[in-house]
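Numbering-wise, the working numbering puts 187 at position 47 of the sequence shown, and it's gapless, one number per residue.
Note that CB positions come from ideal geometry on N, CA and C, so glycine has one too.
To start, the structure under review is shown below, and the notes come after it.
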Amino acid sequence: MRIIAKSTLRDFWDKHTDCEQALLSWYKVAKQAKWENFNEVKAQFGTCKILGVDRIVFKIKGNNYRLVVKITFTNQIIWIRFIGTHAEYDSIDAKEI
Numbered sequence: 141m142r143i144i145a146k147s148t149l150r151d152f153w154d155k156h157t158d159c160e161q162a163l164l165s166w167y168k169v170a171k172q173a174k175w176e177n178f179n180e181v182k183a184q185f186g187t188c189k190i191l192g193v194d195r196i197v198f199k200i201k202g203n204n205y206r207l208v209v210k211i212t213f214t215n216q217i218i219w220i221r222f223i224g225t226h227a228e229y230d231s232i233d234a235k236e237i
């Protein structure tokens, strides 16, 4: 999968250093993946939650942080839509970002 953009993750872990390794681990797995549907993502990340038709929420570092991505399986692209604390996630509409 092509991930747009790693710099978003890097900017976040520069501010929240405790999640750097968790985000790097997620990035490595996602970059190497060749998912064709949400079921394949869910099989690899059992705690992720599917939102709407193209969004997935990943729990990062024991659910301290949330990562929302948009996936286009046909193009093998992941767009990072949101990364933040659990409290910040609760204040957004993840289906709309």
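Item: Local Cβ density within 10 Å of V208, reported as buried at 16 or more and exposed below that; Value: buried
Item: For I232, the residue or residues it bridges with in DSSP; Value: Partner(s): none; I232 has no beta bridge.
Item: Range of the contiguous beta strand (DSSP E) that encloses V208; Value: Y205 to T212
Item: Residues near N177 by beta carbon distance below 8 angstroms, same chain, minus five either side; Value: F213
Item: Cα-Cα separation between M141 and I218, rounded to whole angstroms; Value: 7 angstroms
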